[in-house]
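Numbering (our numbering), first residue to last: 2 to 357. Shown next, in structure tokens, is the structure this report addresses.
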């Protein structure tokens, strides 16, 4: 462990020097990239310094055990026991820090909510999810921009797409992809019976072509008129955008944005997400991994969470977490659930690391 930390510290010192290099300072993209690496290394370097100090103190206490003075030896023994306990805690903390970070965790996201089975009630539930998530985003200081809205006939949304930007957005929200189920008495239900409806959430990291080594020459781009609501709202410009990745035949398009520029961005993110999913699928098949990860599969067919109104309970099925505070959660208090998912994913990675 100490060898790994020392290697990280050497890398940190090199990156620190690079940040004062005039050729780096004058190149904004390069400076941002190196500065990000510098910040990412900081927690591990801080842990390394604390660990090195701790090991030094342990060595000093062991030397004091050789003293002639019995009182000094007793004090040294007590100090050593305390330091060894702290060493165990710090080593567990370092193990977590040494888990390789998903490079996509720091990216902003395209966040989509769609009503599922359940008709009008599903649209109303999609509206509730929208309020829940946007309140949560506000507590974290993240910025949101609505890209498209398709409202339900009695309220809520058939579909709403947001762009969410801030610090480590995808890393915190990636576990939300999937089917969300609601159990409650709909406003339209006259006999007080509980109905079950659903909405799906899709979380996509905002990607660039360079992130996936996709050649622009391999892309076919088509533009077309987006369908409007009729009358004055008919779109008379070709704002819709469709990308075709020629080597794979994968197609992605967007008419969600009001401008062609925004639709190009959305369509590109969808294309990259599809290509990424296809590459991951190929990799998993190649490795013959038959088991599905408990956390973070992101499959829309997965029922990831149930919101039970009569019992004021929310259950996340992936980590068997049930909380009887639906009223608070639906108001944006999502930290306990999301932290639980992150802890479960970290534990899984630690276990895989030990098995490897």
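Beta carbons: idealized from backbone N, C-alpha and C, even for Gly.
Close beta carbons around residue i, own chain, < 7 Å, minus the five adjacent residues each side
| i | result |
| --- | --- |
| residue 163 | 112, 145, 146, 147 and 148 |
| residue 275 | 251 and 253 |
| residue 2 | 92 and 95 |
Sequence-distant residues of the same chain with beta carbon closer than 8 Å to residue i, five excluded per side
| i | result |
| --- | --- |
| residue 234 | With a pLDDT of 43 at residue 234, under the threshold of 50, the modelled position of that residue is not reliable, and no figure is offered here. |
| residue 311 | 184, 185, 186 and 195 |
Reference residue i, options the options, closest by Cα
| i | options | result |
| --- | --- | --- |
| residue 273 | 314, 313, 320 and 219 | 219 |
| residue 95 | 268, 44 and 257 | 44 |
| residue 151 | 121, 27, 37 and 143 | 121 |
| residue 138 | 223, 153, 118 and 170 | 170 |
| residue 117 | 69, 106 and 182 | 182 |
| residue 20 | 9, 10 and 33 | 33 |
| residue 126 | 71, 107 and 154 | 154 |
| residue 332 | 307, 256 and 132 | 132 |
Span separating the alpha-carbon of residue i from that of residue j
| i | j | result |
| --- | --- | --- |
| residue 165 | residue 135 | 9 Å |
| residue 89 | residue 321 | 29 Å |
| residue 259 | residue 267 | 11 Å |
| residue 290 | residue 282 | In this predicted model, residue 290 has a pLDDT of only 42, less than 50, meaning its place in the structure is not dependable enough to derive any value. |
| residue 245 | residue 221 | 5 Å |
| residue 63 | residue 84 | 11 Å |
| residue 319 | residue 158 | 26 Å |
| residue 22 | residue 248 | 40 Å |
| residue 198 | residue 99 | 41 Å |
| residue 297 | residue 343 | Low confidence applies here, because residue 297 scores a pLDDT of 42, under 50, leaving its location unreliable and the question unanswered by this model. |
| residue 215 | residue 271 | 14 Å |
| residue 225 | residue 161 | 22 Å |
| residue 67 | residue 78 | 11 Å |
Boundaries (first-last residue) of the alpha helix (DSSP H) holding residue i
| i | result |
| --- | --- |
| residue 67 | Run containing residue 67: none; DSSP gives neither H nor E here. |
| residue 179 | Careful: residue 179 lies outside any alpha helix (DSSP H), inside the beta strand (DSSP E) at 179-185. |
| residue 360 | In this structure the chain extends from 2 to 357, so residue 360 is not present and cannot be described. |
| residue 19 | 3-20 |
heavy atom of the ligand GDP below 7 Å from residue i C-beta
| i | result |
| --- | --- |
| residue 116 | Absence of the ligand GDP from the depicted structure is noted, as is the absence of any ligand whatsoever, leaving it without description. |
Beta strand (DSSP E) segment containing residue i, residue limits
| i | result |
| --- | --- |
| residue 24 | Element bounds for residue 24: not the beta strand (DSSP E) but the alpha helix (DSSP H), 23-26. |
| residue 328 | No beta strand (DSSP E) holds residue 328; the alpha helix (DSSP H) holding it covers 327-330. |
| residue 316 | 314-317 |
| residue 241 | 241-246 |
| residue 144 | 144-152 |
Residue ranges of each beta strand (DSSP E) run of no fewer than 3 residues wholly in the segment 72-138, ordered along the chain? Secondary structure in the segment 72-138: the beta strand (DSSP E) runs of 3 residues or longer, each lying completely within the stretch, are 110-116 in chain order.
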